[in-house]
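Numbering (this note's numbering), first residue to last: 34 to 579.
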């Protein structure tokens, strides 16, 4: 079980104008000594106004830097192929460490590369938002139809349904005064035969569980609003209308693709006829994360997930969202679900991808898809580390060339191992040795442990910097003086340095004078769903619809 590590729990407010060399008390690790460029970084927006000459110079610098990294990595790979594992095993600990560091250069992003990433992310966001380019855009920037955020005045009882895997949750949330709430929930299994049966079977099963839940919690006779978190690819056509694009995660229920899943749920509830539920909204977990944080912090305008997957949503100006047909001219913003995990599917990330990223992609269930996500998320981080370890071990640099069956098996270096290894204090390898023992590697030296930790640091720091480039780009695009980012996901929660790495990098990338903070979300897919329903009800009452 992942254990919560204090480093990821802090909420820190940073003013970018104060941040020359800021490190938020995080301390340097070995990766800080490599690839640091001098001078202040430009924001993504400022970069667009750079003169052609400056852009050419930057491109030349970038090419030179990339070439240097590629040359270093290639030279190290040449050493690995021209020296036998027996010869390499005879090298000193310092020489082995140097080879590890050289090979890992390709995993470290220079300031110029991060700046280029910001520019490319902004370009892809604009393609997703524009009507003409949206159909071919990788970063889809789907309209969520959420225009109102919680203001803290929401009151009453609300249901939430959280469907995103082999189990689903039903929650009853009672919103009270002073940002207080009571929450009760239950998890229900979805049997395998229902996961691959008909859509009618699936939604009848969900409706039955909803009915049982309401009876158990003594709200069987009440009419309650419900927020529906549906964590599958969804083409949303309204706050309460969304068509399933495709099933994922082992589901293959017939008669659901290209159908309105809200209507399918309503129909199943109506077929039973025993409970009164108003489905007020459908959303994904990223939207829920933002809503959950915005209830307590009204500056929260960005939602971020860094867990098994990776995604972000943000409040965009209505005029920028060309696919959104605004109904109320008084409402100036709409929430956009970026689906930025697919950034790079068109090759935009190739300039920073490595042999290990390509290996991950080729062996994934969706080659060529979700390129950005595969460089960041918890589903792949441990496997990236494993691939580097295998290469180093086969070359004789690590563990005297002695591997193990577990180390050589895909998917068995869990992402939680990265967090545990990096949680060791400097010079201490207690967690690292425990992890290596689980991998069947019992003869590791302190030098081996230090190299394993360095590899973990390179992979996790790169992930944090990639996410930070995205978040900084959104903050600069929104151009508001103060922004809170609501964050959820196992990588952010449990990695001991991820929060600090993000704060430091975002601070370098945002425009001077903008203040931001990262806020850990509490149950976005549950409480966040109830809050979307609560806000929808609040607006209905204000508009006289009820």
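C-beta: ideal position from N, C-alpha, C; glycine also. None of these values were measured; they are calculated from a predicted model.
What would DSSP say about residue i, mapped onto helix, strand or coil?
i	result
residue 393	helix
residue 58	Confidence in residue 58 is poor, its pLDDT being 37 and thus under 50, which makes the residue's placement unreliable; the coordinate value appears in the next sentence. Here residue 58 sits in coil by DSSP.
residue 446	coil
residue 530	coil
residue 173	coil
residue 569	helix
residue 553	strand
residue 548	strand
residue 300	helix
residue 144	helix
residue 564	helix
residue 295	helix
residue 385	coil
residue 290	strand
residue 78	In this predicted model, residue 78 has a pLDDT of only 39, less than 50, meaning its place in the structure is not dependable; the value taken from the coordinates is given anyway. It is helical.
residue 435	coil
residue 543	coil
residue 559	helix
residue 158	helix
residue 149	helix
residue 168	helix
residue 537	helix
residue 72	Low per-residue confidence applies at residue 72: pLDDT is 35, beneath 50, and the placement is therefore not dependable, though the value from the model is reported in the following sentence. In this structure, residue 72 counts as coil in the three-state DSSP scheme.
From which residue to which residue does the beta strand (DSSP E) around residue i run?
i	result
residue 376	Per DSSP, residue 376 belongs to no beta strand (DSSP E) and is neither H nor E.
Could you tell me the boundaries of the alpha helix (DSSP H) in which residue i lies?
i	result
residue 282	It is not in any alpha helix (DSSP H) - residue 282 carries neither H nor E in the DSSP assignment.
residue 193	Per DSSP, residue 193 belongs to no alpha helix (DSSP H); it is in the beta strand (DSSP E), 189-196.
residue 426	411-427
residue 404	404-407
residue 129	126-137
residue 121	118-122
Considering Cα atoms alone, identify which of the options is closest to residue i.
i	options	result
residue 451	488, 428, 460, 470	488
residue 506	147, 375, 193	147
residue 363	369, 355, 351, 371	351
residue 529	341, 549, 494	494
residue 373	152, 247, 443, 157	157
residue 226	244, 198, 384, 286	286
residue 480	118, 119, 128, 117	128
residue 382	292, 425, 502, 267	502
residue 282	245, 416, 460, 200	200
residue 160	338, 421, 171	171
residue 1	518, 424, 187, 431	What the structure shows of the chain is the stretch from 34 to 579, and residue 1 is not part of that stretch, so it cannot be assessed.
residue 176	538, 316, 248, 453	316
residue 339	368, 406, 394, 299	406
residue 496	300, 532, 461, 484	532
residue 326	540, 521, 512	521
residue 358	233, 269, 485, 262	269
residue 470	438, 300, 546	438
residue 290	548, 525, 232	232
residue 234	207, 288, 467, 499	288
residue 558	205, 492, 478	205
Please confirm whether any heavy atom of the ligand HEM lies closer than 8 angstroms to the CB of residue i.
i	result
residue 353	Within the structure as shown, the ligand HEM is missing, as the structure has no ligands at all.
Those runs of the alpha helix (DSSP H) which lie wholly inside the region 308-370 and span at least 4 residues: 318-327
May I have a chain-ordered list of the alpha helix (DSSP H) segments no shorter than 4 residues that lie completely inside the region 478-527? 479-511, 523-527
Residue ranges of each alpha helix (DSSP H) within the region 198-276, 4 or longer: 225-228, 232-249
Just list the alpha helix (DSSP H) runs in the region 450-477, keeping only unbroken ones of 4 residues or longer that don't cross its boundaries, in chain order. 463-471
Segment contact flag, the region 212-221 with the region 260-280, C-beta cutoff 8 angstroms, min 3 pairs: Short answer: they don't touch.
Pair every Cβ in the region 170-189 with every Cβ in the region 323-337, then say whether three or more of these pairs are closer than 8 angstroms. yes
Inter-stretch contact at 8 angstroms, needing at least 3 Cβ pairs: the region 309-322 / the region 376-392: A contact is defined here as three or more CB-CB pairs under 8 angstroms, and the region 309-322 fails this definition with respect to the region 376-392.
Contact between the region 414-422 and the region 440-449 (3+ Cβ pairs under 8 angstroms): yes
Using 8 angstroms as the cut-off, can you tell me whether the region 300-313 makes contact with the region 342-356, which would need three or more C-beta pairs spanning the two stretches below that distance? Verdict: no, contact absent.
At least three beta-carbon pairs within less than 8 angstroms, the region 564-572 to the region 218-232: no
Give a yes or no on contact between the region 118-132 and the region 420-437, applying the rule of three or more CB pairs nearer than 8 angstroms. Of all C-beta pairs linking the region 118-132 to the region 420-437, three or more are shorter than 8 angstroms, placing the two stretches in contact.
Is it the case that the region 132-151 contacts the region 287-297, given that we only count it when at least three CB pairs across the two stretches are under 8 angstroms? no
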